[in-house]
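Asker: Dropping a structure here in structure tokens format, bear with me for questions.
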Amino acid sequence: MNFLSRIFRAFRNFLLIFGAAYLAGKLLNIFNHPALASLSEVGGFLLAVYLAWDALTYKGGVKSSVADVKTDAANLKKLARGFDPERYINLKKGIFLGLDGNRKPVYYPRHVVDKNHIEILGETGVGKSSLAGVLLSQLAAAGETVVVFDAKVDKKLPGVLVRMGKKFDFPVYIVDLRPKTGTGPQLNPFKGCSREEVEELLQVSMDLGKSDDAAVDFHRGNDREGTEWIAETCEDGGADLLSLVSAGSRDERVTGQQNLWRQLRQLGRVKAFHTKGGLDLSAVLNKPGVLYLFGSTTRHEVISGQKLILQRVLQILEERTDQSRPVCLLLDELKYLLSPAALRAAGVIRDRNCHLVFAHQSLGDLDDCPGLSPKAVKGAIWGNAGLKFVYKLPDAETAHQLEAMCGQTAAETASITKSAQGESVSKRAEKRAHMPAHIFTHLPKPETSEASVGVVIGRGPAFFLSTRWLKSGPTPAPVIVRESGPEPHAELPATLDDDQEPPAEQQDNADAEPTRSTANDLSDLLRDLSRPR
47 MNFLSRIFRA FRNFLLIFGA AYLAGKLLNI FNHPALASLS EVGGFLLAVY
97 LAWDALTYKG GVKSSVADVK TDAANLKKLA RGFDPERYIN LKKGIFLGLD
147 GNRKPVYYPR HVVDKNHIEI LGETGVGKSS LAGVLLSQLA AAGETVVVFD
197 AKVDKKLPGV LVRMGKKFDF PVYIVDLRPK TGTGPQLNPF KGCSREEVEE
247 LLQVSMDLGK SDDAAVDFHR GNDREGTEWI AETCEDGGAD LLSLVSAGSR
297 DERVTGQQNL WRQLRQLGRV KAFHTKGGLD LSAVLNKPGV LYLFGSTTRH
347 EVISGQKLIL QRVLQILEER TDQSRPVCLL LDELKYLLSP AALRAAGVIR
397 DRNCHLVFAH QSLGDLDDCP GLSPKAVKGA IWGNAGLKFV YKLPDAETAH
447 QLEAMCGQTA AETASITKSA QGESVSKRAE KRAHMPAHIF THLPKPETSE
497 ASVGVVIGRG PAFFLSTRWL KSGPTPAPVI VRESGPEPHA ELPATLDDDQ
547 EPPAEQQDNA DAEPTRSTAN DLSDLLRDLS RPR
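Counting in the numbering used here, the sequence shown runs from 47 upward without gaps.
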């Protein structure tokens, strides 16, 4: 609606309302009711001014669909107008999410966000992380602990959280598991673990859970026994990755299991874990702030490492005695993070005052989690997320399921019949989808400074929501642990692939026991670990 149209509508509203009130006042004066006449004129004037102002400042809005794809697409594009989300952040009002279909700010009470798992869906580049940045920065500012697992390495989100941390005075800890950018040892994920917890962490990181294949389960059973033998070599609370690899290298029951030994050496190549100290996960999870973990979707050892840290975080949350502080976990690119143990925890972690934010592209991602039943994953994620924020989707199947989830709304349909006697109009009431499937496949994708437009499901009738990026800042480097003594962080040699045969000269020397000058010389040890057993 252009400005001249709004002026005309405002003038018309004022004239009609005040004119009616003025005439009513004259009639009341005729019948000798001067007090009521004055009240009518004053009330009519105020109402006329309000309606005129409302018409003059009306910017248009979209509440639901009209079930016509062309009309809906044009209306939704209006909601993509950019805005500055930071000016709306006010923790006294609640957690700001974005602007609704009438361009009004949407605030959710913090307890609503804390008591629900959240699912953010949408194709790449539609703005899922923009909502995450707005949401997580406010939760951290409100005193929560936020843990972000970023397997695809977002370009803006870490900078947003760091900048907001400076504004609201909460710390941001960076852990980088990638081999090229993670420049050295940063944390010991086994710190404080019991033997049973060490065993569980090794099994989760190396995907040694049960499958539906009897042959695979037979060999995995042997591998799981190997992790038990490795865990028995360490003292409660005193384990670290390099000592576990060292213990495994001296045990033929471990080196004899080719898959287990290969994966253990592969996990040992994650340099971020090459320390006995470093960042204390238990301490971080017991105070406000953000722990941001950079992972990978391609490097197998990094994928194992990020699964290990997720499982360790879940262990700590399970055992913490003081559960008064809420904890929020963002799991981006689910299929590179989930394990059977993590999936089981997702169903009960809510009781530990922890809520999860799942970010993925469509329902198809839940079918593509290696080693996990698609039905179990959908039940734990899709069926357990009380709030859903849906952006543009390329998947028609997911769109139709969302349509059914949003329900139906009543509508009146008119039909006109022409005949020799003239036209006849008949009307009937019917129901139609509140959010048809085409809405989800035609949500606008933001360009340059535009806002992202999505649909919120889970709290009342579904409604449209516009979200936008907070301003980003520089991302700090991870804190590298410098330890004294002999070089303890020598790089592990490459691990042989399943289909790669060992070199002949190495095979000839495979039975030779490596010699070491001292038991503490881990550099020599790690070089020995590349030898096939």
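Note that CB positions come from ideal geometry on N, CA and C, so glycine has one too.
1. Evaluate Asp100 with the Cβ neighbour count: other Cβ atoms within 10 Å of its Cβ, from every protein chain shown; 16 or more gives buried, anything less gives exposed.
2. Suppose the cutoff is 8 Å on Cβ atoms and the five residues either side in sequence are ignored; what does the same chain contact list for Ile349 look like?
3. Mind reading off the beta-carbon distance from His480 to Thr455? Whole number of angstroms is fine, and I expect it under 8 Å.
4. Less than 6 Å between C-beta atoms, sequence neighbours within five positions excluded: which residues of the same chain meet that for Gly211?
5. What does the alpha-carbon distance come out to for the pair Pro522 and Ser498?
6. Can you look up Asp557 in the DSSP assignment and give me helix, strand or coil?
7. Using only alpha-carbon positions, find the residue among Ile526, Arg478 and Ser518 that is nearest to Asp114.
8. Could you give the residue range of the beta strand (DSSP E) that holds Glu190?
9. Go ahead and label Pro534 buried or exposed: buried means 16 or more other beta carbons lie within 10 angstroms of its beta carbon, across all protein chains shown.
10. Spell out a yes or no on whether the segment 120-129 and the segment 67-80 are touching, meaning 3 or more CB-CB pairs, one atom from each, closer than 8 Å.
11. Exposed or buried, which one is His406 when buried takes at least 16 other CB atoms within 10 Å?
12. Apart from the five residues just before and just after Leu287, which ones in its own chain have a Cβ nearer than 8 Å to its Cβ?
13. DSSP on Ser495, reduced to helix/strand/coil?
14. Could you name the residues that DSSP lists as bridge partners for Pro339?
15. Would Leu402 and Leu167 be called neighbours here (beta carbons separated by less than 8 Å)?
16. With distances taken between CB atoms, is the gap from Ser183 to Leu516 smaller than 8 Å?
17. Pick out whichever of Lys333, Val250 and Cys374 has its Cα sitting closest to the Cα of Val194.
18. If you follow the beta strand (DSSP E) that Leu97 is part of, which residue opens it and which one closes it?
19. How is Val300 classed by DSSP in three states: helix, strand or coil?
20. Near Pro520, what residues of its chain come up, given a Cβ to Cβ distance below 8 Å and the 5 sequence neighbours on each side ignored?
21. Round the Cβ separation of Ala66 and Gly90 to the nearest angstrom and send it over; I've been treating them as touching at under 8 Å.
22. Ignore the nearest five residues each way along the sequence and tell me which others in Arg299's own chain have a CB closer than 8 Å to its CB.
23. For the segment 356-372 against the segment 245-256, are there 3 or more C-beta pairs whose distance is under 8 Å?
24. Which residues in the same chain have their Cβ closer than 7 Å to the Cβ of Asp414, if we skip the five residues on either side of it in sequence?
25. Determine the extent of the alpha helix (DSSP H) in which Thr487 is found, giving its start and end residues.
26. Could you tell me which of Leu409, Ala187, Lys226 and Lys174 sits nearest to Arg156, measuring between CA atoms?
27. Relative to the C-alpha of Gln352, which candidate in Leu247, Ser328, Ala329 and Glu449 has its C-alpha closest?
28. Whole angstroms are fine: how far does the CA of Leu412 sit from the CA of Pro539?
29. So what does DSSP say about Gly432, is it helix, strand or coil?
30. Which stretch, first to last residue, makes up the alpha helix (DSSP H) that contains His406?
31. Would you identify the three-state DSSP class for Pro151, choosing helix, strand or coil?
32. Thinking C-beta only, is Leu177 closer than 8 Å to Phe404?
33. When the Cα of Ile427 is compared with those of Arg396, Thr513, Ala457 and Glu443, which residue comes out closest?
34. Only counting runs of 3 or more residues, tell me where the beta strand (DSSP E) segments fall wholly within the segment 235-316, in order along the chain.
35. Going by CA-CA distance only, name the one from Arg514, Ala475 and Val502 that's closest to Glu493.
Answerer: Taking the geometry as given:
1. exposed
2. Apart from the 5 residues on each side of it in sequence, Ile349 sits with its Cβ closer than 8 Å to the Cβ of Ala197, Gly341, Ser342, Thr343 and Tyr382 in its chain, given in chain order.
3. 5 Å
4. Val218
5. 27 Å
6. Model confidence at Asp557 stands at a pLDDT of 41, short of 50, so the residue's coordinates are unreliable; what they give is reported in the following sentence. Three-state DSSP puts Asp557 in coil, outside helix and strand.
7. Arg478
8. No beta strand (DSSP E) contains Glu190, which DSSP labels as neither H nor E.
9. Residue placement at Pro534 is flagged as unreliable, the pLDDT there being 41, under the threshold of 50; a coordinate-derived value is accordingly withheld.
10. no
11. buried
12. Asn234, Pro235, Phe236, Leu313, Gly314, Val316, Phe319 and His320
13. coil
14. Residue 339 is actually Leu in this sequence, not Pro. Paired residues: Phe195 and Val221.
15. no
16. Yes, they are a contact pair.
17. Ranked by how close their Cα comes to the Cα of Val194, the residues Lys333, Val250 and Cys374 have Cys374 in first place.
18. Careful: Leu97 lies outside any beta strand (DSSP E), inside the alpha helix (DSSP H) at Pro80 to Thr103.
19. helix
20. Gly205 and Val208
21. With 8 Å as the limit, Ala66 and Gly90 qualify as a contact, their Cβ atoms being about 7 Å apart.
22. Taken in chain order, the residues that qualify are Glu271, Gly272 and Trp275.
23. When Cβ pairs closer than 8 Å are counted between the two stretches, the segment 356-372 is seen to touch the segment 245-256, the count reaching three or more.
24. Lys381
25. Ala483 to Thr487
26. Ala187
27. Leu247
28. Confidence at Pro539 is low in this model, with a pLDDT of 41, below 50, so the placement of that residue should be treated as unreliable; the coordinate-derived value is given next. For Pro539 and Leu412, the distance between alpha carbons rounds to 34 Å.
29. Strand at Gly432.
30. Element bounds for His406: not the alpha helix (DSSP H) but the beta strand (DSSP E), Cys400 to His406.
31. strand
32. no
33. Arg396
34. none
35. Arg514
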